[in-house]
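Going by our numbering, the residue at position 148 of the sequence shown is 1065; the numbering climbs one at a time, nothing skipped.
Idealized CB from N, CA, C, for every residue including glycine.
Quick caveat: nothing in here was measured; it's all calculated off a predicted structure.
Heads up, the thing below is written out as structure tokens.
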Amino acid sequence: MNNPTQLIFPFQVNQKASFESFFCSPDNNELMSRLKDLVVSQNTDELIINGAEGSGKSFLMQAICNELSSSGKQFAFIPMNKAINMGVEILQNLASLDAVCIDDLQLILSKEEWETALFNLINECQQSGCSLVLSFSGTQSLEASTQLSDLLSRIKRMEYMTLRAVQDEFLSQALDFVSYQLDINLEKAELEFLLKHQTREFSLLVENIVSLDRQAASLKRKITIPFIKETLNL
């Protein structure tokens, strides 16, 4: 995969993030099909992806950026957990790009200056033909989170899709998939032990196997059940 085309911002995009490296459970097939169309489309798209905490939303947003790059498109990736400390000017002068991807939209809603800047960006992108992909999570709805009525009106016209968290029945398959993608040697017995004794939240399970792999490599040890108990204090 080509390096992402980031013309303005210093935010790192995970180079390993791609549609192929994202575990897609059956209830996310429609979303993934839509995203594959979006990254190659010549149309102007406006899409909001709603994803619960731990659903893999941020990874998917970075995968979208890498896929846009592979399609020869110029984009801006703005993770709001970092960009919110940089001022609203970061949303200016973006409409000449092919696409703008903003992760964690909920962090700037209910903040008047940010809402105004986002409203202006949406209008500019509509005029120039720049696609917008926004991600949103949290317990509050968009209606409850957004103060600027004009912004809410713009947002509600956008296509809205949900990224569903990996269900329990697919956790074993999902972890096996991620282990293969990351070249982590995790045997079936160790995987089942993790699922039995650790959180059932997929993103935290992935963090744990990545941490286990790094620790095992550092100590030149194999990931075994005793090693998992020792490392994760189980």
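Check                                                                                                                                                                      : Outcome
Short of 7 Å in beta carbon distance, which residues of its chain neighbour Ile1001, apart from the five on each side in sequence? Order them along the chain.             : Leu1024 and Ile1025
Which residue from Lys999, Gln1057, Leu985 and Leu1008 puts its Cα closest to that of Ala1034?                                                                             : Leu1008
Can Ile1126 and Ile1101 be called in contact, C-beta distance under 7 Å?                                                                                                   : yes
Under DSSP, the beta strand (DSSP E) around Val1050 begins and ends at which residues?                                                                                     : Ser1048 to Phe1053
Candidates Glu1118, Ile1019, Ile1072 and Glu1107: which alpha carbon is nearest Arg1081's?                                                                                 : Glu1118
In the DSSP assignment, find the beta strand (DSSP E) that holds Cys941 and state where it starts and stops.                                                               : Looking at the DSSP string, Cys941 is not in any beta strand (DSSP E), and its letter there is neither H nor E.
Would you check if the distance between the CB atom of Phe940 and the CB atom of Leu977 is smaller than 7 Å?                                                               : no
With a floor of 3 residues, list each beta strand (DSSP E) that falls wholly inside the stretch 985-1041, ordered by position along the chain.                             : 992-996 and 1016-1020
Which residues mark the beginning and the end of the beta strand (DSSP E) in which Ile966 is found?                                                                        : Glu963 to Gly968
Would the beta-carbon of Asp1085 fall within 7 Å of that of Phe1036?                                                                                                       : no
Excluding the five sequence neighbours on either side, which residues of its own chain have a C-beta within less than 8 Å of the C-beta of Leu1065, listed in chain order? : Glu1029, Glu1032, Thr1033 and Phe1036
How about Ala1012 and Glu1041: are their beta carbons less than 7 Å apart?                                                                                                 : yes
Helix, strand or coil: which one does DSSP assign to Met1153?                                                                                                              : What the structure shows of the chain is the stretch from 918 to 1151, and residue 1153 is not part of that stretch, so it cannot be assessed.
Going straight from the alpha carbon of Ala1134 to that of Phe1094, what length do you get?                                                                                : 20 Å
What do you reckon, are the CB atoms on Leu1049 and Val1017 nearer than 7 Å?                                                                                               : yes
Less than 7 Å between the beta carbons of Leu1122 and Thr1148, yes or no?                                                                                                  : no
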